[in-house]
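Residue numbering for the sequence shown follows this note's numbering, beginning at 123 and increasing consecutively.
Positions of the beta carbon are idealized from the N, C-alpha and C atoms, including for glycine.
Only one structure is covered here, and it is reproduced in the block below.
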Amino acid sequence: MENYDPYKKLVLFIVSLINILLMTAVFAFVWYGYYFDTMYSVKFYRNGNYLLIAFYAIVLLFFSNMYGGLKIGQLRKAEVMLSQYLSLFLTNIIIYFVISLLAFRLVNPVMLLLMMIVQMMVSSLVNYIIINIYNRVFPPWRILLIYGNRPAGSLINKVETRRDKYAIYDAVNIYEGIDTVASKIKDFQAVIIGDISAVERNDILKYCYANKVRAYVVPKISDIILMGTDRIHIFDTPFMLSKGYTLSVDQVFAKRVLDLVLAVPALVIASPVMLIAAAAIWFYDKGPVFYKQTRVTKHNKEFKIYKFRSMVVDAEGDGIAKLARENDDRITPVGRFIRATRIDELPQLFNILKGEMSFVGPRPERPEIMEEYCKEIPEFRFRTRVKAGLTGYAQVYGKYNTTPYDKLKLDLLYISSYSMWTDIKLILMTVKIVLKKEATEGVDDAWITAFKEDGSEKKDMEKPDRK
123 MENYDPYKKL VLFIVSLINI LLMTAVFAFV WYGYYFDTMY SVKFYRNGNY
173 LLIAFYAIVL LFFSNMYGGL KIGQLRKAEV MLSQYLSLFL TNIIIYFVIS
223 LLAFRLVNPV MLLLMMIVQM MVSSLVNYII INIYNRVFPP WRILLIYGNR
273 PAGSLINKVE TRRDKYAIYD AVNIYEGIDT VASKIKDFQA VIIGDISAVE
323 RNDILKYCYA NKVRAYVVPK ISDIILMGTD RIHIFDTPFM LSKGYTLSVD
373 QVFAKRVLDL VLAVPALVIA SPVMLIAAAA IWFYDKGPVF YKQTRVTKHN
423 KEFKIYKFRS MVVDAEGDGI AKLARENDDR ITPVGRFIRA TRIDELPQLF
473 NILKGEMSFV GPRPERPEIM EEYCKEIPEF RFRTRVKAGL TGYAQVYGKY
523 NTTPYDKLKL DLLYISSYSM WTDIKLILMT VKIVLKKEAT EGVDDAWITA
573 FKEDGSEKKD MEKPDRK
């Protein structure tokens, strides 16, 4: 069977361009058919029309790229469609206000609403056809898993959730010998290099590179730290400089300015929702509206985090810190809704104004849970080199029940490669995460923190490689 993989990026680009052009064509039809004739205050000529239509396409492309609407074949079908719907929704809101500004009044939004319904129908049909063709032309990779001492069950389970794209057909233990592993690699299109020592991993990686075999590598903490290094080419030997600190003074200042610029209007916009949520919580059981809890932020400094109360009063009356579980009976009906929609997090805007938190950063842990994690993963304290955040890398790309070590890796990815654009992107991505159910799933019923009571998670968890 012919391998079409070298053409994958080109195919994805063309498909994405077609989808953007189709959505823009629908907008152009509505613009010329309805809104063009409502521009009484401004006379539009040909170039003006073209500019507005091009602006629509650019904004739609921006949001589609941001939310993953262009990642056909990479994300699940449902997630691609959700991303495209959200991109259309935000683009149409922006274009509504642009048209209203051009008309010097609020125009009738009905045609834009009808347009969006048509766009969603066309997008669904086109993507259904394209995704099915794509999956036939580009079948899932035949993958070999290479593992070491620790069980690879959790990694296999994660990969198996995307069997439409990745299919593990076999696994081999690195201790069977490099020759055995190398002979097996030849029969596969790609390998996943799991938790093995740095020396063995380097040998496998070089072998795959030499033989043009795709290699997916589970990074270690040292790898993530290296991602944020500066490249120095003063000498004929290249250096990679890890400075040992995180954000520079100018980055800290810019981050604080962004927090204040966003937090104040966010509080004003969210105030009606917060008032309704507060009333619903109080009327349900007449208990406290807010829930204050000690958390840890930058430099392990403790502070009181504010949330809307989503559980029954005295949910932790026994004094034991427990994460929310799936189907947790401590969560009230009102609490279940505000947790699913993340409304319970809105009072943290006050923490941001006080400077205790930032909009983007690692989620603040409770001191006692932090200590539990640090016993198993000493590097977990690296997360507190920046302020805790309302949203962040681990919240956007992980889940509520993502293991502590994986959360650490995600947070260190953010810290090691920080930029203002990263913050803006993660804030925009959070809108999509609110709509995804799995992002608010509780931990397994057998867990107290993110470690299981019986210690099985500790045994299965990847520990940092000291080499």
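Sorting 195, 227, 234 by C-alpha distance to the C-alpha of residue 210 places 234 at the top.
Excluding sequence positions up to five before and after residue 478, its CB lies within less than 7 Å of the CB of 419, 425, all in the same chain and listed in chain order. Listed in chain order, the non-local C-beta contacts of residue 257 below 8 Å within the same chain comprise 195, 286, local neighbours out to five positions each way being set aside. DSSP places residue 475 in the uninterrupted alpha helix (DSSP H) bounded by 470 to 476. Residue 424 is bridged by DSSP to 418. In the three-state scheme derived from DSSP, where H, G and I count as helix and E and B as strand, residue 269 is classed as strand. Counted as a single uninterrupted DSSP element, the beta strand (DSSP E) harbouring residue 511 occupies residues 510 to 513.
Just measuring C-alpha positions, the residue of 385, 134, 327, 489 sitting nearest residue 249 is 134. Counting along the chain, the unbroken alpha helix (DSSP H) around residue 207 starts and ends at 199 to 225.
Taken in chain order, the complete beta strand (DSSP E) segments of 3 residues or longer contained in the stretch 326 to 406 are 336 to 339, 352 to 354, 361 to 363. Looking from the CA of residue 461, the closest CA among 403, 452, 432, 489 belongs to 432. Between residue 266 and residue 219, the C-beta spacing is not below 7 Å.
Per DSSP, residue 289 is one residue of the beta strand (DSSP E) stretching across 288 to 295. The beta-bridge partner set that DSSP reports for residue 482 consists of 513.
The DSSP-derived three-state label of residue 156 is coil.
As the crow flies, the alpha-carbon of residue 188 is around 17 Å from that of residue 131. Between the stretch 371 to 381 and the stretch 533 to 547 there are three or more C-beta pairs closer than 8 Å, enough to call the two in contact.
In this structure, the CA atom of residue 273 is about 13 Å from the CA atom of residue 280.
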